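Mapping to our numbering: the sequence shown position 185 is 217, numbers consecutive.
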Amino acid sequence: STAKLFARNGATVVIADVQTELGTAVAKEIIGPAAAAATFVYCDVSKESDVERAVDAAVAAHGRLDVLFSNAGVTGDVATGHQILTTSGQDLKKVFDVNVMGGFYCAKHAARVMVPRRRGVILFTASVVTETYGYFAHPYTASKHALVGLMRNLCVELGPHGVRVNAVSLLGVPTPMALAAAGGMDRKSFQDYNSDKACLKNAVLEVEDIAQAALYLASDESQFVSGLNLMVDGGYNLRSA
33 STAKLFARNG ATVVIADVQT ELGTAVAKEI IGPAAAAATF VYCDVSKESD
83 VERAVDAAVA AHGRLDVLFS NAGVTGDVAT GHQILTTSGQ DLKKVFDVNV
133 MGGFYCAKHA ARVMVPRRRG VILFTASVVT ETYGYFAHPY TASKHALVGL
183 MRNLCVELGP HGVRVNAVSL LGVPTPMALA AAGGMDRKSF QDYNSDKACL
233 KNAVLEVEDI AQAALYLASD ESQFVSGLNL MVDGGYNLRS A
């Protein structure tokens with residue numbers, strides 16, 4: 033949804049992901065109606081060499097990198113991760129390799145090409161668990177807190193170079209990964225469950241809402257916004273604080 037929305041608003045999009053078939057298909061869809069070029073490159077964000085290659089490919093194809101949206105993430109073993117005694121170090125490492133190290137590598141190589149131009153936007157997907165506690169597995173929760181800490185540190189470091197750094201934190205949206213983490217819950221039940229927890233009523237959180245938040249933070253509409261962890265959760269974090 034984010035890639036499509038960015039393209040509809042004039043962006044030239046490079047999708048970098050481990051899901052080659054899906055990424056290629058989405059890129060082809062964007063090329064059609066969006067009137068903006070989109071390409072796919074394979075990238076495992078847990079490997080720095082892959083991230084470096086993806087950034088270099090974007091710059092080589094388009095001359096510059098204006099926005100990097102670090103959106104890759106995994107939940108880990110939700111069944112065992114709620115209790116410290118059943119959480120394995122292996123699962124913790126798996127989650128951190130993607131969620132934290134992946135974000136770190138993306139930011140590092142985005143900064144490498146943005147700082148010389150003194151302009152750019154780095155954006156992370158965090159989570160409502162950065163403002164709530166005890167509701168989700170330890171590896172995932174810890175990884176998202178680490179990501180927000182990284183975002184804020186980068187805001188201070190990169191701000192003098194004209195690079196803005198922000199995060200979007202969301203309540204549950206019915207993506208395949210989220211539905212699987214919820215034990216295979218169907219889409220409507222998942223949305224009803226999360227809507228019930230939010231303060232805001234008469235609205236249902238959709239993936240398009242996250243895309244709109246990302247578009248705002250990536251655009252010049254937020255030109256003086258940096259260091260923000262934007263909560264897109266219908267006020268849920270305030271109710272559970």
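No residue lacks a Cβ here, since even glycine has one placed at the ideal position from N, Cα and C.
On a predicted model such as this, the values are computed, not experimentally measured, just so you know.
| Item | Value |
| --- | --- |
| Closest by CA to residue 127, which one among 98, 178 and 94? | 178 |
| Could you check where the alpha helix (DSSP H) with residue 182 kicks off and where it finishes? | 170–190 |
| By the 10 Å Cβ neighbour count, where 16 or more other Cβ atoms means buried, how is residue 256 classified, buried or exposed? | exposed |
| Can you tell me whether residue 116 is buried or exposed? The criterion is at least 16 other CB atoms within 10 Å of its CB, across all chains shown. | exposed |
| So residue 155 packs on residue 99, CB below 8 Å; how close in whole Å? | 7 Å |
| Among 250, 118 and 83, which has the Cα closest to the Cα of residue 104? | 83 |
| Between the Cα of residue 72 and those of 79, 80, 208 and 62, spot the shortest distance and give me the residue it belongs to. | 62 |
| By the 10 Å Cβ neighbour count, where 16 or more other Cβ atoms means buried, how is residue 150 classified, buried or exposed? | exposed |
| With a threshold of 8 Å on Cβ separation, who are the neighbours of residue 211 within its own chain once the five nearest residues in sequence on each side are excluded? | 217, 218, 219 and 222 |
| Hey, is residue 208's beta-carbon within less than 8 Å of any beta-carbon in chain C? | Although the question refers to chain C, the structure presented lacks it and comprises just one protein chain. |
| For residue 96, report the span of its beta strand (DSSP E) as first-last. | From DSSP, residue 96 is part of no beta strand (DSSP E); its letter is neither H nor E. |
| For the stretch 164–175 against the stretch 234–254, do three or more pairs of beta-carbon atoms, one drawn from each stretch, fall closer than 8 Å, so that the two count as touching? | no |
| Report the rounded CA-to-CA distance for residue 215 versus residue 225, giving the unit in angstroms. | 13 Å |
| First and last residue of the alpha helix (DSSP H) that includes residue 110? | 110–113 |
| Whose C-beta lies closer than 7 Å to the C-beta of residue 205 among residues of the same chain, with five residues either side of it excluded? | 237, 238, 239 and 242 |
| Nearest by alpha-carbon distance to residue 123: which of 108, 196, 195 and 47 is it? | 108 |
| Ignoring anything shorter than 4 residues or poking outside the stretch 43–87, list the alpha helix (DSSP H) runs there in chain order. | 52–63 |
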